[in-house]
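Structure, as structure tokens:
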Amino acid sequence: MGKIKTYTRRAFLVGSAAVIGGVAFGFYMVKKPHANPLLKNLKDGEAALTPWVKIDADGVTLIAPHADIGQGVRSMQAMLIAEELDVDPLKVRVSPGDPAPAYYNTALATEAVPFMSTDESFAAETMRDVMGGVIKLMGAQVTGGSSAVPDSFDKLRLAGAVARETLKKAASKQAGVPISALKTDAGTVVLPDGTRVPYEELAAAASQIEPVTDVSLREPGEWRYIGKPQQRLDIVAKSTGTLTYGIDLEFNGMVHATVKLNPRQGGELVSYDAAAAEGMRGVKKIMRVSGGVAVVADNTWRAIQAANAIDCNWGPVSYPAEMEGHWDLLSNSFTEEHVDNVWREEGDVEAALADADVIEAEYRAPYVAHAPLEPISATVLVTDGGVDVWTAAQLPRFVQANVAQIVGVEPSQVRLHNQYAGGSFGHRLEDEHVKRAAEVAMAMRGTPVKLTYSREEDFAHDFPRQISMGRMRGVVKDGRIEAYDLGIASPSVQASQLPRQNQVAPPGADRQIAAGAWNIPYDLPHFRMTGYRTDGLAPVSSWRSVGASTNGFFADCFLDELIHAAGADPLEERIRLCAEPLARGVLEAVGEMSSWGSDLGPNRGRGVAFVESFGVPVAEVVEVTNTEYGIRIDKVYVAADVGRVIDPVNFDNLVKGGVVFGLGHAMNCEITYSDGMAEQQNFYDHEAMRLHQCPEIIVRGLENSPKIRGIGEPPVPPAAPALANAIFAATGKRLREMPFYKHIDFV
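Yeah, the sequence shown ends on 765 if you go by my numbering, and it's all consecutive.
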């Protein structure tokens, strides 16, 4: 990691190198970089060279463009820049900045190509490069897919290093001493005699010289932040209840709005009668919006009460009205004409299954809601000078484009102020609430409009996790697995999600239909994994770990069935079959952590699962007790390999949060439809894990991977299969359908 990185001036500069009064530093590793957004609307005493670090008379501002949706990514980005810039991230300004093509996500290409994460062949690397170019040209500023860390790790450290060395060069010229005699510390350049020159005093001089692009990144042994326990930027405010989220914002003259939309997703409003609502206290305006009606009032509660009083006549939708129809569509998709892709085919599965004692199973996973704790909201102000939007957004440039289209302005006239979010889990990849807020604000020009969904409205109009079905066949012979045929039917998430952003889903197979299943790391004599695309279902969206959240349950649990049928030990057989060193490493680690093979005592069981998602191999062991009142989850052990643990404290918390998220949804959660409407309305009937049910969770982060990965999503997929496998070990009962409460009690 201490290797010298050399870049040409053409690859580095993104704007004027001579701006009086301040300087901004950043880094680009492309030949024709996008325009530097920091050059726009500069005030006196401010200046900008590149997008990542701005220095003016008031101090240092670090730009952290990945949205912080609760995962601590704003702190991570600041830490990476600060590591090389020699500033304390807790003592400088950190801003998400304005949305811009310059902040495109370089790591998205990994999940955009049909190659395993471990495939480093010429074809795989070439395709990743091609997709990276497409993403760059699109200016795809995206937070998601656990990509923020791999996108930022090199880019932001290099930005800090370039800034540091350029400031030293400016100080060298100003003081007349060689650069080699200078040091940096705590936001200053230190001269040989100990004099400290603040960065702010060097900004103007630095803007007049060529940036230093031949920089050496510090060796890991020199790191002060990376790999060390850190205090997140938001932790004090979150712990004291003083952090301002988007829903907390207040502006002079602001009004409050809510919506009542067709509870049949995508259906129209045929007619409505608002007579009962119009005279209610505080109501200012009632108007039609896309798919329903909006109410504007003097506070959110009154707006919601008035919306509930409106009598609406709703139109139908095309997807099945009842759940039986959804499952029938999936069940009927296991045919040749529905094949999305045969992702892997090794050996001769059909021959191995012929004239053999075939083990068969069907697995099911339901729709589930995102349901972040902070209610969905957006504040929009439309004026003659453009549009201001205050919300949390994972696709900020799409938000700009969609609002611009509604209001009738150019996207550049939409100023998005990206906020901290109280959770997302993929929900903030959608912006339907922002669109409705823009419709209302356009009708109330000059007035800030804060639109907030009620919890019930959010459940009704969430685009949930995909519903899925798995059908498996397998053969065991001589104590080993001989054949494994895995088919998964699911809607295409990207085909549902992208049109809502006025984007066309890319041609070809949807990798998320197979994610977490086609990439199992086992060397089986005969293995086939086929994805089947099911159309005509309810609209869906990306949910934490997307396809792997359901497919990992299918693939690993049936593998566990085959291992037990073969009479082998679940962990030892997985390790024996494992063909990938990184995957084997986490399996061995979790076995050692959990003392696998030791006696647990009566009425207890231990289950193991492995799932790789977003390039991160994760193994989990769950221990349970079968009490007279139901299953108690006692302990969970987790081993994950991300290549480099950036912050051990945040890593530990993210893994534990992912495990709780995965377990709770597997145990209790589903969205079902009746008369085309989601039946679940609030947390009481979409109940995640309760505090008394939460087990002790022991985490180990491995750093064997040569690539840097993220950890926000990968702990989720193994939780469900590890729990199901543990329940089987304790009770002898196989759970093949989520949520598990339908088949077993929990205490």
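Quick reminder that beta carbons are idealized off the backbone N, C-alpha and C, glycines included.
Beta-bridge partners of Leu56 (DSSP): none assigned. Only residues of its own chain outside the window of five on either side were considered, and among them Tyr122, Asn123, Thr124, Leu126, Ala127, Ala130 have a CB closer than 8 Å to the CB of Ile153, listed in chain order. Annotation for Ala324: Ala295, Met298, Val301, Val313, Ala315 place their beta carbon closer than 7 Å to its own, counting only its chain and skipping 5 residues before and after. In the DSSP secondary-structure assignment, Glu218 is not bridged to any residue. With a beta-carbon spacing of about 7 Å, Met756 and Phe571 fall inside the 8 Å limit used to define contacts.
Of the residues assessed, Gly585 falls on the exposed side of the cut-off, its CB having fewer than 16 other CB atoms within 10 angstroms.
Here the region 656–667 lies against the region 241–261, with 3 or more beta-carbon pairs under 8 Å apart. Distance from the CA of Leu618 to the CA of Val207, rounded to the nearest whole angstrom, comes to 60 Å. The straight-line gap separating the alpha-carbon atoms of Ile227 and Gly205 is approximately 19 Å. If you look at Trp361, you'll find it in the beta strand (DSSP E) that goes 357–364. One thing to note: Val233 has its Cβ no nearer than 7 Å to the Cβ of Val307. The C-beta separation of Ser164 from Arg718 comes to about 18 Å, leaving the pair out of contact by the 8 Å criterion. Three or more pairs of CB atoms, one per stretch, sit closer than 8 Å, so the region 638–653 contacts the region 723–741. A direct Cα-to-Cα measurement between Ala748 and Tyr655 gives close to 17 Å. Listed in chain order, the beta strand (DSSP E) elements of length 3 or more contained wholly in the region 143–211 are 201–203, 206–208. Between Ser508 and Ile531, the C-beta gap is smaller than 7 Å, which places the two residues in contact. Counting along the chain, the unbroken beta strand (DSSP E) around Ser395 starts and ends at 395–401. Taking 7 Å as the cut-off, the Cβ atoms of Gln698 and Phe477 count as close. Rounded to whole angstroms, the gap between the alpha carbons of Ala100 and His84 is 16 Å. Judged by their CB atoms, Val335 and Gly694 are nearer to each other than the 7 Å cut-off. Cβ neighbours of Pro117 within its own chain (closer than 7 Å, five residues either side excluded): Gln159, Pro414, Arg415, Gln418, Leu434. Counted as a single uninterrupted DSSP element, the beta strand (DSSP E) harbouring Phe545 occupies residues 544–551. A residue is called buried when at least 16 other Cβ atoms come within 10 angstroms of its Cβ; Asp406 meets this threshold and is buried. Using a Cβ distance threshold of 7 Å, Arg624 and Ala744 count as a contacting pair.
Around Leu200, the same chain offers Lys186, Ala189, Ser190, Val207, Val208, Leu209 as residues with beta carbons nearer than 7 Å, after the five sequence neighbours per side are excluded. Residue burial is scored here from C-beta neighbours: Leu399 has at least 16 other C-beta atoms within 10 angstroms and is therefore classed as buried. Following the DSSP letters along the chain, one finds Phe352 in no beta strand (DSSP E), marked with neither H nor E.
For secondary structure counted as the alpha helix (DSSP H) over 4 or more consecutive residues, the region 258–312 holds these complete runs in sequence order: 293–296. Between Ala96 and Ala75 the beta-carbon gap is near 21 Å, outside 8 Å, which marks them as no contact. The residue from His710, Gly675, Pro229, Phe632 with its alpha-carbon nearest to that of Pro132 is Phe632.
Distance from the CA atom of Tyr550 to the CA atom of Asp763, rounded to whole angstroms, is 33 Å. Bounds of any beta strand (DSSP E) do not take in His704, whose DSSP letter is neither H nor E. Cβ atoms of Glu630 and Asn537 come within 8 Å of each other, at about 6 Å. Taking a cut-off of 8 Å on C-beta distances, the region 538–548 touches the region 354–367, as three or more cross pairs fall below it.
Under the 10 Å beta carbon count, Phe669 is surrounded by 16 or more other beta carbons and is classified as buried.
Taken through DSSP and simplified to helix, strand or coil, Met462 comes out as coil.
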